[in-house]
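In what follows, a structure is listed as structure tokens, so that the remarks can point back to it.
In the numbering used here, the protein residues as written are 84 to 734.
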């Protein structure tokens with residue numbers, strides 16, 4: 084049920100139209116108990132031994148929870164399920180991991196593997212020219228002349244070497260052992276074993292590159308050591324901080340193993356009624372209307388009284404307004420995260436005060452920034468931000484507190500770096516970029532941007548500024564989404580920037596348009612001055628967004644081609660070294676925390692992007708719903724569906 088952790092992906096805040104998936108209903112009922120039979124196989128008539136006075140039979144009341152989804156999923160197959168399916172998959176599967184305070188906790192495993200307890204180890208292995216390795220930059224590569232690699236015992240960029248010949252070298256191979264909890268069962272009662280995880284790996288390989296391509300490329304082997312233990316081995320040279328991602332979420336070999344992997348995507352037992360081990364099992368899917376699940380009698384946490392409900396119903400609604408009406412009328416008890424009507428935070432707060440609904444704010448779900456076009460591909464475009472002092476000045480002119488107060492009623496958290504302040508790797512000693520128009524004005528003056536007319540409300544002019552011709556006004560094009568919230572943010576920021584002599588020309592566009600892949604899209608095609616966007620918060624630090632190797636552009640000059648994330652074009656060897664040391668190391672290794680601290684410090688010093696705030700997601704529920712997600716880290720209430728309750732269970 085917990086949310087799958089994904090690598091950094093761009094947050095596109097647009098609501099898609101509800102899918103009209105039409106199919107005949109599929110039912111999967113609970114087992115029935117047969118009548119007692121005679122030896123001949125006929126039903127046995129049971130004769131009463133005495134007359135018993137009739138008594139009143141108390142039938143337990145069936146409890147159900149109803150959740151509204153804004154889209155109907157097309158598939159529930161693990162390796163084919165989109166975002167619309169995640170809430171349902173959370174109910175079918177429990178784990179394999181959950182996120183607590185930005186760290187993974189094992190759910191169906193006995194523990195998180197560690198270097199300290201032998202669950203992980205690094206094995207030195209000889210590697211010859213022509214062999215597949217993961218190089219010092221994290222890419223899958225062939226060992227050959229000129230390839231930069233990290234030899235055995237080297238966990239930092241500073242000790243990486245360049246391969247110069249045909250001689251064999253020794254690299255570390257990362258080995259992880261995962262051990263399942265004993266007694267786990269699929270929802271049909273069959274045992275869940277390590278072989279089911281191996282089967283999942285085999286299915287993913289057969290579906291490559293559709294399923295987990297980056298992990299598959301970095302996996303040397305995946306095998307069962309016994310009934311409960313699997314062993315993952317990485318390609319030599321590969322390390323990162325994401326231990327949990329190396330475990331392949333089990334699939335039921337006993338039920339699906341007879342089908343080729345390619346046919347699973349089209350098989351109803353895989354994409355419509357998949358078996359799981361979580362709190363609920365699928366009972367009925369009525370296309371275009373709802374999906375019903377029933378309590379799983381084999382759920383491994385059932386002795387704890389979980390889940391709280393006998394039935395779980397996912398209703399498909401057209402939009403937030405329909406979901407809101409269903410919530411008020413009692414047809415839905417919870418709306419999926421982000422599904423909401425066109426009501427302000429203030430209006431929602433009034434409804435909560437009246438007891439008509441509950442408003443649950445999930446902080447730190449995405450990082451909102453203003454990206455600087457430091458190195459545009461368009462040669463005719465002014466390079467306003469070559470000088471880091473100018474980027475710092477702009478960041479200091481952003482009145483985040485006013486934005487938070489006016490747009491978010493003080494509910495958003497100001498961002499200081501690419502990590503939220505409650506993240507265990509956040510460095511509280513970092514310099515702050517709080518609003519300071521006087522300091523910003525001094526930086527601009529020193530950088531060659533002068534207030535020629537003595538009026539701070541008019542844009543400054545270039546006089547010896549880097550990257551632009553003298554006389555150029557400090558008037559900046561600002562790409563931003565056309566939706567109302569971001570327009571309100573842009574309006575507030577325009578006022579605060581004007582106080583520093585910075586003009587802003589707001590260019591509202593549809594999100595899918597200005598954040599389209601390069602070379603067509605203006606942001607990732609590197610044809611912009613300023614752009615406001617948000618990045619989802621993964622568990623890995625977001626420093627990787629600003630690596631030199633992530634600059635998008637034509638291949639092979641740019642290793643990632645147009646798929647790079649560093650749209651601003653920022654490049655720094657010192658930053659690259661610190662960030663790569665943070666990304667490609669195990670958390671228990673010496674220097675891991677220091678590398679993360681150094682990357683944050685260099686980010687604040689160079690300011691490749693101006694951090695604005697941490698976005699939050701709104702969940703709306705019936706007023707007495709309890710057990711909902713709290714705090715940061717990206718987890719939502721659908722990831723905790725087994726503990727949701729209302730009524731007496733919340734007292």
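Glycine included, C-beta positions come from ideal geometry on N, C-alpha and C. This one's a predicted model, so the numbers in the text were calculated from it and none came from an experiment.
Backbone secondary structure at residue i - three-state DSSP
| i | result |
| --- | --- |
| residue 269 | coil |
| residue 481 | coil |
| residue 607 | coil |
| residue 203 | strand |
| residue 121 | In this predicted model, residue 121 has a pLDDT of only 31, less than 50, meaning its place in the structure is not dependable; the value taken from the coordinates is given anyway. Coil at residue 121, not helix or strand. |
| residue 191 | coil |
| residue 302 | strand |
| residue 600 | coil |
| residue 337 | helix |
| residue 237 | coil |
| residue 730 | helix |
| residue 618 | strand |
| residue 532 | strand |
| residue 30 | Because the chain in this structure spans residues 84 to 734, residue 30 falls outside the shown range and cannot be described. |
| residue 224 | strand |
| residue 378 | strand |
| residue 586 | strand |
| residue 364 | strand |
| residue 290 | coil |
| residue 516 | coil |
| residue 162 | coil |
| residue 489 | helix |
| residue 723 | helix |
| residue 317 | strand |
| residue 694 | strand |
| residue 714 | coil |
Proximity below 9 Å, CB of residue i to CB of residue j
| i | j | result |
| --- | --- | --- |
| residue 428 | residue 476 | no |
| residue 481 | residue 625 | no |
| residue 260 | residue 302 | no |
| residue 406 | residue 710 | no |
| residue 590 | residue 580 | no |
| residue 562 | residue 542 | no |
| residue 452 | residue 559 | no |
| residue 434 | residue 149 | no |
| residue 450 | residue 501 | yes |
| residue 238 | residue 322 | yes |
| residue 40 | residue 180 | Within the shown structure, residues of the chain are numbered from 84 to 734, placing residue 40 beyond reach of any answer. |
| residue 479 | residue 530 | no |
| residue 356 | residue 339 | no |
| residue 365 | residue 159 | yes |
| residue 725 | residue 384 | yes |
| residue 155 | residue 421 | no |
| residue 411 | residue 440 | yes |
| residue 545 | residue 553 | yes |
| residue 43 | residue 191 | With the chain represented from 84 up to 734, any question about residue 43 goes unanswered, as that position is not in the structure. |
| residue 687 | residue 511 | no |
| residue 438 | residue 720 | no |
| residue 609 | residue 650 | yes |
| residue 503 | residue 568 | no |
| residue 738 | residue 390 | There is simply no residue 738 to check, as the chain begins at 84 and stops at 734 in what is shown. |
| residue 465 | residue 550 | yes |
| residue 607 | residue 599 | yes |
| residue 578 | residue 485 | yes |
DSSP beta-bridge partners of residue i
| i | result |
| --- | --- |
| residue 254 | 208 |
| residue 373 | 369 and 398 |
| residue 262 | 312 |
| residue 701 | 444 |
| residue 147 | 394 |
| residue 418 | 151 |
| residue 215 | 225 |
Integer-rounded CB distance, given that residue j should sit under 8 Å from residue i
| i | j | result |
| --- | --- | --- |
| residue 699 | residue 444 | 5 Å |
| residue 572 | residue 490 | 6 Å |
| residue 409 | residue 400 | 6 Å |
| residue 177 | residue 362 | 6 Å |
| residue 682 | residue 454 | In fact, because the Cβ distance is near 18 Å, the residues do not count as touching under 8 Å. |
| residue 212 | residue 243 | Contact doesn't hold; Cβ gap of about 17 Å is too wide. |
| residue 662 | residue 630 | 6 Å |
| residue 193 | residue 264 | 6 Å |
Problem - alpha helix (DSSP H) runs contained entirely in the region 445-480, provided each spans 4 or more residues - result: 471-479
Handout entry: Any beta strand (DSSP E) of 3 or more consecutive residues that is wholly inside the region 553-578
Key = 558-564
Exercise for the section: Write down every uninterrupted run of the alpha helix (DSSP H) in the region 612-682 whose length is 4 residues or greater and which is fully enclosed by it, in chain order. Expected result: 656-666
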